[in-house]
Amino acid sequence: EIVINLQDKGAEVASSMYGIFFEEINHAGDGGLYAELIQNRGFEEHELPSGTMLREHKACAPTSPSYYGGHENNWYAHWDEEALKFKAWSVVSEKCDVTKDVITPSEPLHKNTPNAFKLGISNIETGGKVELINSGYWGIAVKENEKYDLRFYLFSRDYKGTVTANIYDTASGEVVASHTFEVNHSGKWVEYKAELIAGKTINKGEFRLEFTANGNLFVDYVSLFPRETFKNRPNGLRKDIAEFLAGMKPAFMRWPGGCIVEGATLENRVKWKETLGDPMTRRGEWVLWGYRSSWGMGYHEFLQFCEDLNMDAMFVANAGMSCSIRNGDYVSEAELEPFLQDIRDAIEYAIGNVKSEWGARRAAAGHPEPFPLKYVEIGNENSTDIYARHFNYLYSHLKKEYPDLTFINTMSWKEREIEMVEQTDMVDPHWYENPGFFFAANGLFDDKQRGKYTTYVGEYACNNGVGKGNMEAALSEAAFIMGMERNSDFVTMTSYAPLLCNDHQPNWKCNLIWFNNEQVVGRASYYVQKMFADHAPDYNLGISKSVGELQTKLIKTGTFGIGSWDTKVDFKDIKVTQHGEVRAIDPSQFEHKQGEWNVLPDGVISQTAIQAATRTLLKDFSSDEYTLELKVLKNEGREGFFIY
Ligand code: AHR
């Protein structure tokens, strides 16, 4: 019996409890939430981080490849720079000679994105043509009657002809949208823009630029963008995926990661300033999940999305170290000031006065009002004393300057780690574990010392031993969440990870939401998240249990067992009857016997207790059908018990 005591008001459940964590992993952004349809649009994909550390220290690859969906060497999985040059691009030609390459022209379109596609066409005959083809992110999907904004750049001194842009359906061989331009051969970069309207809905499309004359050209920044995006923001987000996220009613969003905040090398870290401005000028970055992010969905787009979904923003900043910290890739404390300034600038961009340098940049980008930045996380998944010292330095300055912001430390709350931290507002421990862990972890927070900080469980997922995730995984996460809700004076924020995955290139095994060009699908875990957010309580109520007796009768065959993960349960009168006869129970048949066993003369066990994490197994009772009766006198645990 469970009694709910309406008068016994427990901890309030913070309205910040359920949020989302976005990282550019699994093509969550490019080829995912970011609505651009052209992959490798700026021909920069083969630009790997310069510096030698990444190549020399392959040992810095993740140590638990089982999480990574079989891509054991994600950090350097796609290192054929020559092949990467043409990623997602190909050329076909008819009745002409053609040369192709991706190089840095002497006059690049933009200094941040130096590479361009070089095309040479000669000996063209009547009816001859060259098509430069982009396959999109595993196909280009367009919808009938929808508008698509095309933008690309050409440079030529001698190409005297036209270029036709086609959206082509590989399934039917039809062109579903087309526009022809006269090419300017002035020896300058020229921008070409058009609105394409799709004549048909297709999912396996290609984008093609068709040339029909002799000459030499450079092609750069080819963008095909749906006019319809979430809230119709320009350079915006794919509507169906954004709506799926909106369905979770997230209270906050964490961005940009994850491991990529630190980078495989320090140089490879996310530099938020490079994610601003005209997308054509964004350098992008190779992310340690094995592909290059265009950073089309950058800091501004993230903040805008937070505003659009009424979420608080959580910016994750680099703490002067990379994921290769063990190889010595971090700055000294004396060199930390620029990192501090970079965080200040990020804060100012989000909420600063428009008269400040970075507040003015926000206003110039069309948003004079502050964005809802509330949290700044410093670093990601750290445990070293180096990090603790860096954090202490950064926190001591930032908290003084921005007392209203919440700053988050990324050490787990293991005492030996957290005691190195002088002060923090929150900590962010992560758990990627198996179902047993999460069921038991319902009680993880019950005895944690309160007062020094609160907790943001920024990443968790039952991803071990559950394939790509299943119902058991989702239920165990639900049990874990209930423990967090019950301790919501201490745990005030949570987010599952990873959030999004394009099913053509998973880096990670279990992800919350899977998508391709045609559909967006939430796993059972998604519906767990949604259910908790949809029904978030205001506060906990006290309960008392085990008043009275629970009587249970089961008809079984074979063996039976009674167990519990973390509880103490008192049973009485465990009685097995077979063919109407009470069968003797010998307690020595039980494995892992715990508690007292009083066997009555007729073979009934009068009373016993099982303790935490006990499985009490009666071995091989009989293969015949039997009836098992028992009374439960007392259940002191949180989870209850199981009979099997
Ligand atoms: O969620 C995927 C990765 O898991 C994150 O990048 C990192 O923080 C954690 O190790």
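Counting in UniProt numbering, the sequence shown runs from 26 upward without gaps. The beta carbon of each residue, even a glycine, is placed where N, CA and C say it ideally should be.
- request: Examine the ligand AHR and report whether any of its heavy atoms sits within less than 8 Å of the Cβ of C526.
  value: Counted from its first residue, the sequence shown places residue 526 at position 501. No, the Cβ of C526 stays beyond 8 Å of every heavy atom of the ligand AHR.
Check: Just checking my contact of V545 with D265 at CB under 8 Å: how many whole Å lie between their CB atoms?
Finding: Taking the first residue of the sequence shown as position 1, residue 545 is located at position 520. Taking the first residue of the sequence shown as position 1, residue 265 is located at position 240. Indeed, because the Cβ distance is near 5 Å, the residues count as touching under 8 Å.
Q | Extent of the continuous alpha helix (DSSP H) to which D370 belongs | A | Counting from one through the sequence shown, the residue named residue 370 turns up at place 345. Taken as a continuous stretch (DSSP letters only), the alpha helix (DSSP H) holding D370 covers E362 to I376.
Using DSSP with H/G/I as helix, E/B as strand and the rest coil, what is G547?
Here residue 547 refers to the residue found at position 522 of the sequence shown. Strand, per DSSP.
Looking at the structure shown, is N489 part of a helix, part of a strand, or coil, going by DSSP? The count along the sequence shown starts at 1 and reaches residue 489 at position 464. In this structure, N489 counts as coil in the three-state DSSP scheme.
Does the structure place the region 371-387 close enough to the region 346-362 that three or more beta carbon pairs sit under 8 Å?
no
Q) Hey, quick one: how far does the alpha helix (DSSP H) through S318 stretch, first residue to last? A) Position 293 of the sequence shown, counted from the start, is the residue given in the question as residue 318. Here S318 belongs to no alpha helix (DSSP H); instead the beta strand (DSSP E) covers Y316 to S318.
Please say whether F464 and Y485 have beta carbons closer to each other than 9 Å? As a working note, residue 485 is residue 460 in the sequence shown. As a working note, residue 464 is residue 439 in the sequence shown. No, these two residues do not count as a Cβ contact at 9 Å.
Quiz item: Can you tell which of T577, D183 and G323 has its C-alpha closest to the C-alpha of L655?
Solution: For the purposes of this step, residue 655 is taken as residue 630 along the sequence shown, with counting starting at 1. With distances taken between Cα atoms, L655 lies closest to T577.
### Query
Does DSSP put G567 in a helix, in a strand, or in coil?
What you label residue 567 is simply residue 542 of the sequence shown in a count that begins at 1. The answer is strand: DSSP assigns G567 an E or B state.
Exercise for review: For V117, I'd like the list of residues in its chain whose CB is within less than 7 Å of its CB, leaving aside the five on either flank, ordered along the chain.
Suggested key: Translated into positions along the sequence shown, residue 117 becomes position 92. E156 and I158, listed in sequence order.
task: Indicate whether the contact test is met: 3 or more Cβ pairs, each with one atom in the region 494-502 and one in the region 267-287, closer than 8 Å.
output: no
Quiz prompt | Residue from N148, F277 and N140 whose Cα sits closest to the Cα of D122 | solution = In the sequence shown, counting from the first residue as 1, residue 122 sits at position 97. Of N148, F277 and N140, the residue nearest in Cα terms is N148.
>> What ranges does the beta strand (DSSP E) occupy inside the region 114-156, keeping only unbroken runs of at least 3 residues that lie completely in it?
In response: 114-119, 122-128 and 141-147
- request: Measure the Cβ-Cβ separation of E69 and G282 and say whether it is below 9 Å.
  value: Here residue 69 refers to the residue found at position 44 when the sequence shown is read from its first residue. Here residue 282 refers to the residue found at position 257 when the sequence shown is read from its first residue. Not closer than 9 Å, so no.
- Query: So is the beta-carbon of K533 under 8 Å away from any non-hydrogen atom of the ligand AHR?
  - Reply: One-based indexing of the sequence shown puts residue 533 at position 508. Reading off the sequence, residue 533 comes out as Trp, not Lys. Yes, since a heavy atom of the ligand AHR falls inside the 8 Å radius drawn around the Cβ of W533.
- alpha helix (DSSP H) containing V286: first to last residue? Position 261 of the sequence shown, counted from the first residue, corresponds to residue 286. Looking at the DSSP string, the run of the alpha helix (DSSP H) that includes V286 is C284 to E287.
- Task: Would you kindly check if the distance between the Cβ of I27 and the Cβ of M336 is under 9 Å?
- Result: As a position in the sequence shown, residue 336 is number 311, starting the count at 1. As a position in the sequence shown, residue 27 is number 2, starting the count at 1. No, the pair does not count as a contact, with Cβ atoms beyond the cut-off.
**Request:** Just mark Y564 as buried or exposed, buried being the case when its beta carbon has 16 or more other beta carbons within 10 Å.
**Result:** Within the sequence shown, numbered from 1, the residue matching residue 564 stands at position 539. Counting Cβ neighbours within 10 Å, Y564 comes out exposed, since fewer than 16 surround it.
inquiry  = Taking the beta strand (DSSP E) that P251 belongs to, which residues open and close that run?
reply    = As a first step, residue 251 must be located in the sequence shown, where it is residue number 226. Here the beta strand (DSSP E) through P251 covers G240 to P251.
request  = Give me the Cβ distance between Y481 and M518, rounded to the nearest whole Å; I'm assuming they're in contact under 8 Å.
outcome  = Taking the first residue of the sequence shown as position 1, residue 481 is located at position 456. Taking the first residue of the sequence shown as position 1, residue 518 is located at position 493. Indeed they touch by this definition, with Cβ atoms about 4 Å apart.
TODO: Confirm the yes/no value for this check: CB of I50, any heavy atom of the ligand AHR, distance under 8 Å.
DONE: Here the question's residue 50 lines up with position 25 in the sequence shown. Flag set: Cβ of I50 near the ligand AHR.
Open item on the list: Helix, strand or coil for G94? Go by DSSP, reduced to three states.
Closed with: Residue mapping note: residue 94 aligns to position 69 of the sequence shown, counting from 1. Reliability of the predicted coordinates at G94 is poor, the pLDDT of 38 falling under 50, and the value obtained from them is presented with this limitation in mind. Here G94 sits in coil by DSSP.
>> Considering only heavy atoms of the ligand AHR, does any lie closer than 8 Å to the CB of A503?
In response: Locating residue 503 in the sequence shown gives position 478, counting from the first residue. The answer is no for A503.
*Which runs of the alpha helix (DSSP H) spanning at least 4 residues fall entirely within the region 381-469, listed in chain order?*
382-389, 410-426, 440-443 and 460-465
Alpha carbon to alpha carbon, how far is T189 from M278?
As a position in the sequence shown, residue 189 is number 164, starting the count at 1. As a position in the sequence shown, residue 278 is number 253, starting the count at 1. Approximately 41 Å, taken between the alpha carbons.
- [ ] Specify whether the region 238-249 and the region 50-60 touch according to this definition: at least 3 beta carbon pairs, one from each stretch, less than 8 Å apart.
- [x] no
**Request:** Check whether the Cβ atoms of L270 and L524 lie closer than 9 Å to each other.
**Result:** What you label residue 270 is simply residue 245 of the sequence shown in a count that begins at 1. What you label residue 524 is simply residue 499 of the sequence shown in a count that begins at 1. Cβ distance < 9 Å, so L270 and L524 count as in contact.
Next on the checklist: Per DSSP, what are the beta-bridge partners of I63 in this structure?
Outcome noted: Counted from its first residue, the sequence shown places residue 63 at position 38. None, per the DSSP bridge assignment.
TODO: Starting from the Cα of W383, find the closest Cα among Y324, G261 and V215 and give me that residue.
DONE: On the sequence shown, position 358 is the one that residue 383 refers to. Nearest of Y324, G261 and V215 to W383, Cα basis: Y324.
For the region 335-349 against the region 398-406, are there 3 or more C-beta pairs whose distance is under 8 Å?
yes
Do the CB positions of E253 and K380 come within less than 9 Å of each other?
One-based indexing of the sequence shown puts residue 253 at position 228. One-based indexing of the sequence shown puts residue 380 at position 355. No, the Cβ-Cβ distance between E253 and K380 is not below 9 Å.
| query | Is it the case that the CB of N405 approaches a heavy atom of the ligand AHR more closely than 8 Å? | reply | Reading the sequence shown from its first residue, position 380 is the one you call residue 405. Within the cutoff, so yes.
- Would a C-beta distance cut-off of 9 Å place T409 and I350 closer than the cut-off? As a first step, residue 409 must be located in the sequence shown, where it is residue number 384. As a first step, residue 350 must be located in the sequence shown, where it is residue number 325. Closer than 9 Å, so yes.
(request) Compare the C-alpha of G224 against each of E231, E216, E199 and R233 and name the closest. (result) For the purposes of this step, residue 224 is taken as the residue at position 199 of the sequence shown. Looking at the Cα atoms, E199 is the closest of the given residues.
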